[in-house]
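In this note's numbering, the protein residues as written are 211 to 498.
Reviewing the structure listed below.
Structural data, given as structure tokens:
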């Protein structure tokens, strides 16, 4: 599984700075900016209070400020250019390359034992032989969702999927067999990986490749030859079709699990995206 991870901040009680800060007015005050969901805040605050307790002799205080994702990016860049960035940044790793190239963050190789972390997670936040953040969590990956009342078992492979989709049971119950956001590259990446490709090699885009062409042909085959996916269907479209039981399967992310559990109850199930029969490889969803 290819992974994109979060850059940076706190894991358990491990604490360190990845930002190059100006000298603070209070050297014992640690400024943390984050963009986590509201339900995560009590957990973070509990860690910070524990850290403060461990270092109360020095009078250490951790000050947390919350931003929305895009606001965090803009505020951090502006603060870094002004020379007053936070000490720690808890954020998606998408912009870590830009931050590193701009000199806004510092590599963490000398400050953490990176052998303690998942190798693929560390690799995904590494560039030019340096690691620019500490992975805090892995998630947001795509998987197969299905409604047991429409079809009882998930397909194990794409051949299995095609067999199920051609069955009278599916055709009688649904408008299409499977749906996913075919206009969003995030949903293409798993299939590209299953064909042995990936969109970038360090600094170099690798888009014009046999694997990419095979992945696009696979998409076209689903839509026009096998006709098992709805044409021009975006995220809202696939979500609605699934809730209305007009498709048997969808490919969606872990962020949607709790909502579907409430909506479908015990009939909601999830599984791996089916193995690509042509190559014998599983799809490789990105993870944040």
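Glycine included, every Cβ here is placed at the ideal spot set by N, Cα and C.
Only a predicted model underlies this, so the values are computations on that prediction, with no experimental measurement involved.
Beta strand (DSSP E) segment containing residue i, residue limits
{"i": "residue 446", "result": "Element bounds for residue 446: not the beta strand (DSSP E) but the alpha helix (DSSP H), 445-453."}
{"i": "residue 459", "result": "457-463"}
{"i": "residue 299", "result": "298-302"}
C-beta contact flag for residue i and residue j at 9 Å
{"i": "residue 484", "j": "residue 352", "result": "no"}
{"i": "residue 420", "j": "residue 409", "result": "no"}
{"i": "residue 274", "j": "residue 286", "result": "no"}
{"i": "residue 459", "j": "residue 327", "result": "no"}
{"i": "residue 403", "j": "residue 491", "result": "yes"}
{"i": "residue 318", "j": "residue 339", "result": "no"}
{"i": "residue 471", "j": "residue 389", "result": "no"}
{"i": "residue 373", "j": "residue 365", "result": "yes"}
{"i": "residue 455", "j": "residue 383", "result": "yes"}
Assigned exposure category for residue i - 16 Cβ within 10 Å defines buried
{"i": "residue 357", "result": "buried"}
{"i": "residue 414", "result": "exposed"}
{"i": "residue 248", "result": "exposed"}
{"i": "residue 245", "result": "buried"}
{"i": "residue 251", "result": "exposed"}
{"i": "residue 423", "result": "exposed"}
{"i": "residue 264", "result": "exposed"}
{"i": "residue 386", "result": "buried"}
{"i": "residue 312", "result": "exposed"}
{"i": "residue 240", "result": "buried"}
{"i": "residue 233", "result": "Residue placement at residue 233 is poorly supported in this model, since its pLDDT is 49, which falls under 50; the coordinates are not used for a value here."}
{"i": "residue 283", "result": "buried"}
{"i": "residue 463", "result": "buried"}
{"i": "residue 279", "result": "exposed"}
{"i": "residue 475", "result": "exposed"}
{"i": "residue 434", "result": "exposed"}
For residue i, the three-state DSSP class (helix, strand or coil)
{"i": "residue 494", "result": "coil"}
{"i": "residue 395", "result": "helix"}
{"i": "residue 386", "result": "strand"}
{"i": "residue 478", "result": "strand"}
{"i": "residue 440", "result": "coil"}
{"i": "residue 264", "result": "helix"}
{"i": "residue 353", "result": "strand"}
{"i": "residue 430", "result": "helix"}
{"i": "residue 402", "result": "helix"}
{"i": "residue 417", "result": "coil"}
{"i": "residue 232", "result": "Residue placement at residue 232 cannot be trusted, given a pLDDT of 49 that sits under 50; what the coordinates show is reported in the next sentence. DSSP places residue 232 in coil when its eight states are reduced to three."}
{"i": "residue 377", "result": "coil"}
Endpoints, the alpha helix (DSSP H) within which residue i is located
{"i": "residue 361", "result": "From DSSP, residue 361 is part of no alpha helix (DSSP H); its letter is neither H nor E."}
{"i": "residue 241", "result": "Unbroken run through residue 241 is the beta strand (DSSP E), 239-244; no alpha helix (DSSP H)."}
{"i": "residue 271", "result": "First-last for residue 271: 271-276, but that is the beta strand (DSSP E), not the alpha helix (DSSP H)."}
{"i": "residue 315", "result": "That residue, residue 315, is in no alpha helix (DSSP H); it is neither H nor E in DSSP."}
{"i": "residue 279", "result": "279-292"}
Chain B within 9 Å of residue i, Cβ atoms only
{"i": "residue 448", "result": "Protein chains in the displayed structure number just one, and chain B is not present."}
Anticipated Cβ contact below 8 Å, residue i with residue j, distance rounded
{"i": "residue 486", "j": "residue 368", "result": "5 Å"}
{"i": "residue 439", "j": "residue 392", "result": "7 Å"}
{"i": "residue 512", "j": "residue 295", "result": "Look at the range of the chain in this structure, 211 to 498, and you will see that residue 512 is not part of it."}
{"i": "residue 306", "j": "residue 335", "result": "6 Å"}
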